[in-house]
Amino acid sequence: MKREGEVRIPSGCAIAAVISREGKGITGNVIYNAMKPMHDRSNGLGGGFAAYGIYPEYRDLFAFHIFFDHRSTRKDCEAYLKERFEIVKGELIPTRKIPQITDEPIIWRYFCRPLSSQVASEQVDENEFVAHTVMKINTGMKGAYVFSSGKNMGCFKAVGYPEDVGLFYRLEEYEGYSWTAHGRYPTNTPGWWGGAHPFSLLDSSVVHNGEISSYDANRRFIEMFGYKCTLQTDTEVITYILDYLVRRQGLTLEEAASVIAAPFWSTIASRPEKEKEKLTYLRQIFPSLLITGPFSIVYSWNGGLMALNDRLKLRSMITAEKDDKVFIASEEAAVRVMEPEAENFYAPAGGEPVIVRVKEGKF
Amino acid sequence: MREHFIYPEFEVVRNDNRCIQCRVCERQCANEVHRFDTDLGLMISDETKCVNCQRCISLCPTRALKIVKSDCRLRENANWSDETIKEIYKQANSGGVLLSSMGNPKPLPVYWDKMLINASQVTNPPIDPLREPMETKVFLGKKPDKIRRDENGELITETAPQLELSMPVMFSAMSYGSISYNAHASLARAATELGICYNTGEGGLHEDFYIYGPNTIVQVASGRFGVHKNYLEAAAAVEIKMGQGAKPGIGGHLPGAKIVGDVSRTRMIPEGSDAISPAPHHDIYSIEDLRQLVFSLKEATEYKKPVIVKVAAVHNIAAIASGIARSGADIIAIDGFRGGTGAAPTRIRDNVGIPIELALAAVDQRLRDEGIRNNVSLIVGGSVRSAADVVKAVALGADAVYVATAALLALGCHLCRTCQSGKCNWGIATQNPELVKRLNPDIGSRRLVNLMDAWRHEIKELMGGMGINSIESLRGNRLMLRGVGLTAKELEILGISHAGE
Amino acid sequence: MSEYVIIGNGTAAVGCIEGIRSADSESSITVISAEEHHVYSRPLISYYLEGKTDLEKMKYRPEDFYTKNNVKLIYGKAVKCDSKKQFITLADKQKLHYDKLCLCTGSSPFVPPFEGLDKVKNKFSFMTLDDALALEKALDKKAKVLIVGAGLIGLKCAEGIAERVGSITVCDLADRVLSSILDSKCAAVMQKRLEEHGISFLLGDTAVRFEKDKAVMKSGKEVRFDILVLAVGVRAETELARQTDCEVNRGIVIDTSMKTSTDSIYAAGDCAEGYDSSIGANRVLAILPNAYMQGRCAGINMAGGSSVFDDAVPMNSIGFFGLHCATAGSYPEDGEVCEEQVCGGIRRLYIKDGRLYGYMLIGDVNRAGIYTSLVREQTVFNEEDIDKLKKFPTLAIFSYESRRKKLGGVV
Amino acid sequence: MKRVYVNEQWCLGCHLCEYNCAFANSGIDDMVKALKGKDIFPRVHIEDGEDGIHFAVSCRHCKDPMCVKSCIAGAISIEDGVVKIDRDKCVGCLTCVLVCPYGAVAPGPNGAAQKCELCLQNSCGAPACVTGCPNNAIVYEER
């Protein structure tokens with residue numbers, strides 16, 4: 021069977037997220053336990069997490085999480101990294117052997133600082149430099165796959181059910197202010213570790229439940245701007261789109277949301293003049309970034325997250341609150357596990373972004 | 005010397021048991037095929053004149069007529085077909101270039117028919133267009149590379165001029181002169197009602213149709229007929245015609261006989277003079293010349309109107325399109341080798357150019373590879389025959405399509421392919437007032453609107469099936485297509501997988 | 016509320032009733048009918064004898080016409096009219112007051128004082144239904160009939176009874192049939208058709224003396240007959256009007272609003288002498304359409320409306336044994352006559368100064384109304400259009416714009 | 110009231126209306142059976158003028174119709190705005206032909222006068238000349 025990247029793989033899924041607006045630490049077991057009641061939304065072919073604020077001691081360094089098929093690949097890759105970065109620290113990511121998770125690749129993490137001379141010679145900023153590096157490794161270096169590349173954050177993913185993946189990565193030992201989780205139900209993959217979600221680039225990561233119908237329109241457009249959709253998954257393309265719109269075009273999250281889950285023309289027509297003009301403009305200039313078909317996503321970055329449904333709300337997604345915490349999940353049950361006392365349950369409308377930001381200075 | 009006799013292509017079969025001798029056929033045939041013979045008390049036919057336009061058949065109230073292909077054949081020969089032999093006879097008779105009309109009728113591959121469309125099942129839901137909004141609006145024109153904000157951080161929403169269409173289909177260029185006043189009136193009125201555009205072609209814009217300006221694309225072709233300040237100002241967009249799919253590499257020739265009255269006035273040439281469009285624009289011998297014309301037209305229209313450059317699909321179309329995309333043009337229109345025409349040399353029509361499907365796929369991919377797809381919108385034409393073709397074209401990467409033959413069919417054309425005779429019995433490709441009158445624009449525009457409404461419904465159904473609720477998400481979405489019976493090379497060019505993959 | 020009284024119960028009376036009711040649905044209308052019949056179409060009496068209609072179908076208006084229009088119908092004869100006090104006295108002494116009076120008394124047969132006429136037992140007029148019913152009783156397959164008068168009445172009578180009698184002879188002082196409407200060329204065509212159907216003519220000749228079953232002609236010829244029909248002519252019935260100060264010539268003189276010279280008295284139909292636009296003078300136009308239109312005009316004006324009928328022209332449509340004839344207008348002698356023989360018929364157009372003054376069509380009368388309207392409207396045309404008109408009646412003589420108004424509903 | 114109007118601009122002179130009319134009023138359900146080998150008596154007819162002028166003429170259903178006023182048999186009346194001929198009462202004198210300024214009344218096959226009655230009485234329901242007109246040269250509409 022072809023694996024992610026060789027063929028487009030649609031999948032159904034479960035997602036969950038929790039974030040503390042105060043930047044308070046939350047241990048990983050909270051989120052992986054939340055995935056248990058949604059067990060049936062996954063099929064054991066992929067689970068994963070993104071955690072923010074987990075590497076405070078290396079907060080200024082890019083943390084690369086990389087899968088290697090072989091020791092030799094790691095050598096080559098490390099050599100490549102060293103040409104471009106100062107590697108402050110490189111280590112195996114601690115895991116625990118459990119029967120549910122098998123066939124794991126070699127999983128390393130590197131805390132790196134870009135070599136300023138290299139950055140300067142490519143005439144890009146640090147982020148762009150890192151993004152290029154990731155693209156380069158993931159497209160050019162067979163057997164190596166960077167699955168996390170942001171600062172003070174990390175993705176953890178594997179083939180297996182999400183709750184098992186959490187145990188495997190010993191996530192209860194990490195403390196972060198924001199977590200997202202994903203359980204995967206792909207329909208035609210043998211299961212590949214790199215193909216599990218979240219998908220991330222730099223510090224942004226996306227968990228997604230759905231199967232978008234606009235995929236190839238989105239992909240072929242975004243690939244014009246240097247992105248390479250190596251996995252051919254929705255999550256990957258959505259991550260790139262958000263990266264392009266927010267980081268490269270400088271749109272606000274709300275603006276980005278009204279590009280990818282644009283209001284219908286009929287809705288736009290009924291809005292006040294100024295807003296109408298703006299929404300029309302955004303649809304006019306980014307038509308290829310409209311995402312259609314079902315999706316519910318949680319897009320995270322250092323300091324916040326945004327939950328968003330497709331404009332017809334073809335996938336379930338619910339939000340809730342308790343004190344400083346905000347919870348998001350495909351199903352209410354997941355929230356109840358994280359916080360039995362959660363309140364203000366709310367099902368956001370299609371295309372209505374729910375944006376949560378950690379207080380300035382708290383992360 | 006007696007010219008070589010060519011047996012009539014068609015037979016007029018009249019069922020005398022049904023014929024009530026109302027003589028409608030006789031009155032309606034501009035070719036004078038039918039005649040009532042008072043001595044015999046019968047309707048009789050002269051088949052040598054019949055072009056099989058089916059006007060008589062359509063109007064015969066008792067269905068007493070049919071026209072069939074004559075089965076009088078030459079001796080069978082797989083190499084020398086009847087048609088080939090007869091063409092040789094004709095040329096031996098006349099010594100001239102053979103002329104034909106409408107699109108290439110040869111059995112060359114139709115790639116639309118070798119691509120199949122996807123639909124959603126289980127993993128993602130089809131969307132019911134009867135329940136959910138299903139959007140077909142498109143904007144054609146250059147998109148900015150980067151958003152801009154003012155000092156308050158507000159988005160600056162100004163864009164390069166955009167052509168807004170309620171659906172990604174337009175009526176392509178057909179000049180007043182090659183088609184009739186009433187045909188133009190029908191197209192203009194329908195385009196306005198539909199919120200799309202029609203195209204003047206190179207014959208200028210009749211003064212009566214300036215009111216439809218917001219839905220009019222005016223053409224600037226090599227003959228520059230009818231081009232003046234008001235003409236450019238009246239339009240929604242200006243199209244520079246570099247070539248035409250039916251006859252790439254050659255110009256046009258509207259005989260003086262058709263340059264009468266309003267046609268002459270609209271073209272701004274004397275009555276009775278032949279309207280010759282040179283093969284090249286004589287001020288465009290290179291891509292940089294084109295750029296100059298693009299900007300001349302933009303200057304003339306104060307940068308308020310998108311400029312379209314229309315080219316025929318030829319072998320290196322991708323490179324040509326890349327050049328145009330960098331010329332300042334807002335939109336590229338590509339016309340495939342099956343595109344129609346009012347008259348073209350048969351050999352050119354049938355042997356020059358490439359299929360639009362391959363041209364489109366190559367151009368769209370090339371522009372993306374170069375990262376300049378956003379510089380231009382792509383319109384394709386040249387035998388887009390149905391809503392399915394539209395959907396396939398958009399999925400391959402077109403922003404919109406041009407239809408002409410389908411529009412003419414809606415107006416009554418029966419594809420007899422003798423436009424060049426000027427005796428169109430359907431009132432379309434003629435300037436004879438008696439014949440022009442046969443096309444009532446009330447009916448014509450209604451039928452065009454019906455056709456486009458029907459296509460819009462079908463496009464929505466097809467989109468809904470794919471789980472797509474806006475045409476933007478279909479554009480360039482080649483995963484929605486699968487090939488059948490195509491070679492690996494064809495699939496590669498089309499950028500699609502084979503069915504089953 | 017007014018009291019309207021109409022004397023007469025023919026076509027003009029119906030027009031008058033319908034005219035009044037179009038403007039006044041309340042006031043009372045009284046109709047005094049000398050004939051004891053529901054209103055019937057007088058010209059149909061010949062068709063009745065011919066079997067083309069029956070007493071029921073002859074009713075000019077439906078059975079409920081009087082009730083629906085709230086009309087009081089009195090069978091009786093008005094004998095006196097007091098125009099000062101506005102009273103009508105009937106033969107039975109009944110007195111009726113009127114606010115507005117319309118005289119629709121029609122005409123009566125004119126019978127010259129033939130010698131020996133009193134000796135003829137089977138003699139008939141042919142004006143009323145009663146005349147026809149009486150004649151019908153006398154009809155016999157073997158009967159020889161002499162009709163005096165080859166005008167419309169006499170010839171229609173001849174046609175009506177042709178199949179029911181042995182022979183018919185028609186005599187007339189005039190040298191041709193239908194002399195009041197046809198010139199000699201046209202009359203000849205029509206005469207031929209009548210003769211083909213067994214009717215004999217003695218023209219330019221008239222009876223001078225009658226015996227019991229014989230007429231002696233001026234020429235000396237003797238014509239034997241079993242039945243004699245007298246259809247010499249008609250006279251307007253003006254007796255009542257003469258009792259008032261109404262001006263009376265050959266008929267009761269009316270203006271173009273159908274008023275007589277006496278206040279509150281109107282007249283319409285065969286008894287009246289109205290304006291004939293074809294000659295620009297008043298005359299009695301004893302034709303049915305005229306009677307209706309005059310009646311209707313009178314009715315509207317009586318009820319306080321305002322109506323003018325000033326474009327009456329003589330016109331006739333009549334046919335004998337399937338050969339139709341349509342005529343209208345006047346026939347100036349100093350104009351051009353355009354004649355064409357058309358399949359068994361003839362067409363003669365009287366043209367002068369770019370105007371169609373009158374026409375006679377025999378045979379093909381299709382679309383004759385177009386000619387009639389041109390005569391009526393006195394339209395002037397250029398030569399080109401006149402040439403078109405000469406070929407056949409056509410609306411193509413009008414401009415595109417005027418056709419758009421006429422046919423395209425463009426106002 | 111809906112009436113038949115003529116758009117002369119669009120009349121092609123094909124004469125189909127005449128045949129459709131004759132068929133509609135024939136009471137026969139097949140056109141061939143109804144019209145083949147017969148003289149037709151349509152209630153609409155096309156005038157073919159010079160210079161390619163063609164137009165259809167049929168009863169205008171005048172508000173104040175000469176035919177109604179002139180009918181000697183009282184056979185023509187107006188019902189709901191439609192001028193109708195009671196062909197039973199008609200004796201075929203053709204006075205209506207004499208007075209119709211449009212030439213829109215003509216004798217039918219049995220001699221009685223006939224004219225367009227908007228196909229309200231026959232099985233068409235709507236004027237056959239209109240439904241069969243290929244170019245909207247005759248329309249049936251409210252104005």
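Line by line, the protein sequences are chains A, B, C and D. Residues 21 to 383 (our numbering) are what the first sequence spells out, left to right. Residues 5 to 505 (our numbering) are what the second sequence spells out, left to right. Residues 16 to 426 (our numbering) are what the third sequence spells out, left to right. Residues 110 to 252 (our numbering) are what the fourth sequence spells out, left to right. Using N, Cα and C, we set each Cβ at its ideal position, and we do this for glycine too. All figures in this text were calculated on a predicted structure; none of them were measured in a lab.
Query, Result
"Tell me, please, whether the CB atom of D:Val191 is closer than 8 Å to any CB atom in chain C?", "no"
"Residues of chain C with CB under 7 Å from D:Phe164, in chain order?", "Arg418, Leu422"
"To the nearest angstrom, report how far apart D:Glu251 and C:Val357 are at their CA atoms.", "41 Å"
"Under the assumption that C:Tyr281 contacts C:Lys115 (Cβ atoms under 8 Å), give the Cβ distance between them as a whole number of angstroms.", "7 Å"
"Could you give the residue range of the beta strand (DSSP E) that holds B:Ile10?", "Segment: none, B:Ile10 is in no beta strand (DSSP E) and carries neither H nor E."
"Could you check if A:Arg240 is buried or exposed, using at least 16 other CB atoms within 10 Å of its CB as the buried criterion?", "buried"
"Please state whether the Cβ-Cβ distance between B:Thr409 and B:Ser387 is less than 8 Å.", "yes"
"Give, in chain order, every unbroken run of the alpha helix (DSSP H) that is at least 4 residues long and sits entirely within the region 47-96 of chain B.", "59-63"
"Assuming B:Met138 contacts B:Gly468 under a Cβ cut-off of 8 Å, what Cβ separation, rounded to an integer in Å, is found between them?", "6 Å"
"What did DSSP end up calling B:Met470 once you bin it into helix, strand or coil?", "helix"
"Any beta carbon of chain B sitting closer than 8 Å to that of A:Phe69?", "no"
"Which residues, taken in chain order from the region 37-57 of chain C, show a beta carbon closer than 7 Å to some beta carbon of chain D?", "Ser56"
"Who pairs with B:Phe40 in a beta bridge, going by DSSP?", "B:Met47"
"By Cβ distance below 7 Å, which residues in the same chain neighbour C:Cys201 in space, the five residues on each side in sequence not counted?", "Ile361, Arg363, Met375, Ile377"
"Would you mind working out which of B:Ile273, B:Ala304, B:Ala391, B:Pro133 sits nearest B:Asn234, comparing C-alpha positions?", "B:Ala304"
"Name the chain B residues whose beta carbon is nearer than 8 Å to that of A:Met269?", "It is Gln, not Met, that sits at residue 269 of chain A in the sequence shown. Simply Lys150, Ile151."
"On a Cα-Cα basis, can you pick out the residue from C:Leu144, C:Gly320, C:Pro77 that is closest to C:Glu51?", "C:Leu144"
"Determine, for B:Pro124, whether the minimum Cβ-Cβ distance to residues of chain A falls below 8 Å.", "This sequence places Ser at residue 124 of chain B; Pro is not what is there. Interface residue, yes."
"Expressed to the nearest angstrom, what Euclidean distance is found between the alpha-carbon atoms of C:Ser272 and C:Ser279?", "12 Å"
"Is the CB-CB distance between C:Glu288 and C:Arg265 below 8 Å?", "yes"
"Secondary structure at B:Glu462, three-state DSSP: helix, strand or coil?", "helix"
"If distances are taken between C-alpha atoms only, which option among D:Glu226, D:Met140, D:Cys209, D:Asp197 comes closest to C:Val380?", "D:Cys209"
"Using 8 Å as the cut-off, can you tell me whether the region 169-176 of chain D makes contact with the region 35-53 of chain C, which would need three or more C-beta pairs spanning the two stretches below that distance?", "no"
"Leaving out five residues before and five after A:Leu271 in sequence, what residues of the same chain have Cβ atoms less than 6 Å from its Cβ?", "Leu265"
"According to the Cβ coordinates, are B:Ala238 and B:Tyr202 closer than 8 Å?", "no"
"Just curious, the alpha helix (DSSP H) that C:Cys201 is in, first and last residue?", "199-211"
"Might you give, ordered along the chain, the residues of its own chain that have their beta carbon closer than 7 Å to the beta carbon of C:Ser345, omitting 5 neighbours on each side?", "Ser293, Ile294, Tyr372, Gly373"
"Rounded to whole angstroms, what's the CA-CA distance from B:Arg193 to A:Leu262? Just pull it up for me.", "43 Å"
"Any C-beta of chain D within less than 8 Å: which residues of the region 302-323 of chain C qualify?", "Leu303, Pro304, Tyr307, Met308, Arg311"
"Along the region 116-130 of chain D, what residues have a CB closer than 9 Å to any CB found in chain B?", "Asn116, Gln118, Trp119, Cys120, Leu121, Gly122, Cys123, His124, Leu125, Glu127, Tyr128, Asn129"
"Please classify A:His217 as buried or exposed, where buried requires at least 16 other C-beta atoms within 10 Å of its C-beta.", "buried"
"For chain D, check one thing: does any of its Cβ atoms lie closer than 8 Å to the Cβ of C:Ala153?", "no"
"When you compare the CB positions of B:Ser179 and B:Thr204, do they come within less than 8 Å of one another, or not?", "yes"
"Considering only residues of the region 302-327 of chain C, which uninterrupted alpha helix (DSSP H) runs meet the minimum length of 4 residues and lie entirely inside it, listed in chain order?", "303-317"
"So, are the CB atoms of B:His418 and B:Gln58 less than 8 Å apart?", "yes"
"Taking 8 Å as the threshold (C-beta atoms), are A:Leu332 and A:Val376 in contact?", "no"
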